[in-house]
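Residue numbers (my numbering), protein chains in the order written: chain A, 188 to 848; chain B, 1431 to 1523.
Below: the structure, in structure tokens.
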């Protein structure tokens, strides 16, 4: 009798696709695997950087052609070069979590498209199917085989977040989605370009569901052209250096990355590290909290990531396996492969995934998954970073220990999806990208950078206030960093920021919210204090225009706003701010590292002087008392810190409850 | 032979100890947090920008501190939901 596990088909239909060790590729597709046994160091260096530049040009091409602020500011994409079997050669320096999905799409295509319709020179494939090779339906993967001498030499690929792929919610993030049928259509891999010609039938099918088909058509050309340029450049390298030499350099990149990774693993003792976070609100109206657990086990040269212990899939909180796998390994590039130019294959050869399907982090069809990147995916990046950090803290290598990071900012993206008629009378549908400003983690040797972005997203930038006011019918009252938002610690987590907008030259804005991390902040590390949380607040009837007219000054803080405050929940679809209202959104900061009363007092004084920490919080959390001139009062500080120690001991008790198994 | 477990805890002689003062927190094969003193506080005590979690969720959410009984160093902190026991987050093989 077969067990339940044996009956699962990991083929991307109901359960997510998991590539087998040996891909089942149709015999009619010849692979070009010839590689020189050795490549001389100088040629390799030239080729290594040439391939890097192919990938960089691929990414720059997408940005030049796409008209989307999601691409231009959010850099919500990544280009890649993969070998003939879909293993990574170069992954781009943009969104790191897209890695697993891109590789999955290429491998699935090799297995299920190599016979029918076949994979040929001049073809380009496309998919947004989350169970095959996408993090959610809005992230569309476009990828092209590179043929040389009639054989498949390698692949070039990209994944780019689209404006709108259709479905019941403008923009694709749907807080009401009961299941996947409420969301944008899922498109399994199709051949969008055949022998160099865009297939009109497939293109029209692809664009038909979108609310903004012309803009999506432009992004389609951005992705296809990026691939086309990358194919041409790789063929140019082959013609100049020879196919076997280029392939040898690709193999060496993968092998060198593996060598570096294994060498670092050798400095870490075996063990198991676990972190958990909480997904909040499964659907509008719900008030539940749902566990998201990530466990990392190191055994010799193998790292195993597991999601076991996470909540069953439900509501709109879910993500697919490709999203979760990409998430939990996203931090490896910055923490363990920082010198390998984003060649992640070396690590992937030593990583296994032990997953429980049917959970919020490994959802099966027909679960709703459109919100994944904003929710379970980003939180899993954060949790993945924490288990990796706790593992690295035990390394004997000082360089690795210096990569330990506290919880990053924005472990759930506060989506503010907006839609309506803009100041020019045209329809629009998008979401605010300001929270990509995020906040960087505290390290064992420095504070986190305020609004410094994410450590796994090296290119994204906050949009200019003026550009957003040009694109959309609203005006900013403020966008400012928030004092005290970063977790206190021996090293402080980076502060985050807050914005306030007023609808302008429009009747109203249809506004959806999708996020988490409203009730539960990210924890501090090794004695550090927690982060701030995401926040939505709608001030109904604030009438700031009248307030400004009467007072002659702009309000610059929520406390200065009138009207009735509506603490908008993590998931909502029924808020429609008008020009009489103000919508406020703050995003979560990074958590602290180490005991705050061990922080050097002069650092606290500098923070207070710069407005990063308030004097009241300096005294309460850090135990640092400042004189009227801002200098540290040493005697008062020592007394305050002693008082804090006494308060801790007086207020604490031995644990007498249950123990975690 | 000692093994650094975290920034604040190490294993020496089969026992988990505070790295600041050497206070013994228990056997190395147990969760060291069970040997610390535990202090549950409102989350607003952990960050002054936080709002009451009850605005958004029904489960109680607290800022939990693990305090060294010997020197009052904060060994670790957690955000604990619904009275969950201390997380056993670091387990040496």
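Virtual Cβ for every residue (Gly too), placed ideally from N, Cα, C.
Under the three-pair Cβ rule at 8 Å, the stretch 231 to 245 of chain A counts as touching the stretch 397 to 417 of chain A. Of the candidates A/804, A/705, A/248, the residue whose Cα lies closest to the Cα of residue 1486 of chain B is A/705. When Cβ-Cβ separations below 8 Å define contact, residue 759 of chain A makes no contact with chain B. Approximately 6 Å separates the beta-carbon atoms of residue 716 of chain A and residue 676 of chain A; this is inside 8 Å, confirming the contact. By the Cβ-count criterion, residue 592 of chain A is buried, with 16 or more other Cβ atoms from all chains shown falling within 10 Å of its own Cβ. A residue is called buried when at least 16 other Cβ atoms come within 10 angstroms of its Cβ; residue 446 of chain A does not meet this threshold and is exposed. Here the alpha carbons of residue 490 of chain A and residue 618 of chain A stand approximately 36 Å from one another. No Cβ-Cβ contact shorter than 8 Å links residue 501 of chain A with residue 545 of chain A. Here residue 294 of chain A has 206, 210, 273 as same chain residues with Cβ atoms under 7 Å from its own Cβ, once five neighbours each way along the sequence are excluded.
Between residue 440 of chain A and residue 276 of chain A the beta-carbon gap is near 6 Å, inside 8 Å, which marks them as a contact. Along the length of the stretch 283 to 354 of chain A, whole beta strand (DSSP E) runs at least 3 residues long occupy 311 to 314, 326 to 335, 338 to 348, reported in chain order. Within chain A, the C-beta atoms nearer than 8 Å to that of residue 1508 of chain B come from 710, in chain order. Annotated three-state conformation of residue 448 of chain A is helix, per DSSP. Comparing C-alpha distances from residue 455 of chain A to each of A/268, A/195, A/347, A/582 shows the shortest one belongs to A/582. By the rule that beta-carbons nearer than 8 Å mark a contact, residue 1449 of chain B does not touch chain A. CA-to-CA, the gap between residue 578 of chain A and residue 587 of chain A works out to about 10 Å.
Distance from the CA atom of residue 518 of chain A to the CA atom of residue 775 of chain A, rounded to whole angstroms, is 19 Å. For residue 1510 of chain B, DSSP records a beta bridge to B/1492.
With contacts defined as CB atoms closer than 8 Å, residue 781 of chain A and residue 678 of chain A qualify as a contacting pair. The three-state reading of DSSP puts residue 643 of chain A in coil, since its state is none of H, G, I, E or B. From the beta-carbon of residue 1445 of chain B, no residue of chain A is found nearer than 7 Å; the closest lies around 17 Å away. Cα atoms of residue 324 of chain A and residue 423 of chain A: separation of roughly 34 Å, rounded to the nearest angstrom. Counting along the chain, residue 606 of chain A sits inside the beta strand (DSSP E) bounded by residues 602 to 608. One alpha carbon belongs to residue 531 of chain A, the other to residue 283 of chain A, and they sit about 10 Å apart.
Close CB contacts of residue 823 of chain A within its chain, under the 8 Å cut and outside five residues either way in sequence, are with 812 (chain order). At least 8 Å separates the CB of residue 495 of chain A from every CB of chain B. Interface annotation, residue 699 of chain A: not in contact with chain B, CB-CB separation never under 8 Å. Residue pairing by DSSP places residue 699 of chain A opposite A/604 in a beta bridge. Cβ neighbours of residue 803 of chain A within its own chain (closer than 8 Å, five residues either side excluded): none. For residue 761 of chain A, there is no enclosing alpha helix (DSSP H); the enclosing beta strand (DSSP E) has its first and last residue at 758 to 762. Under the criterion of beta carbons closer than 8 Å, residue 626 of chain A and residue 663 of chain A do not qualify as touching, at roughly 20 Å. For residue 242 of chain A, the enclosing alpha helix (DSSP H) covers residues 228 to 252. Within the stretch 464 to 487 of chain A, 464, 465, 467, 468, 474, 475, 476, 478, 484, 485, 486 place their CB atoms closer than 9 Å to a CB of chain B, listed in sequence order. Around the beta carbon of residue 289 of chain A, 16 or more other beta carbons sit within 10 angstroms, so the residue counts as buried. When the Cα atoms are used, residue 483 of chain A and residue 1510 of chain B turn out to be separated by approximately 21 Å.
If one requires a minimum length of 3 residues, the beta strand (DSSP E) runs lying completely within the stretch 742 to 795 of chain A are 751 to 753, 758 to 762, 769 to 773, in chain order.
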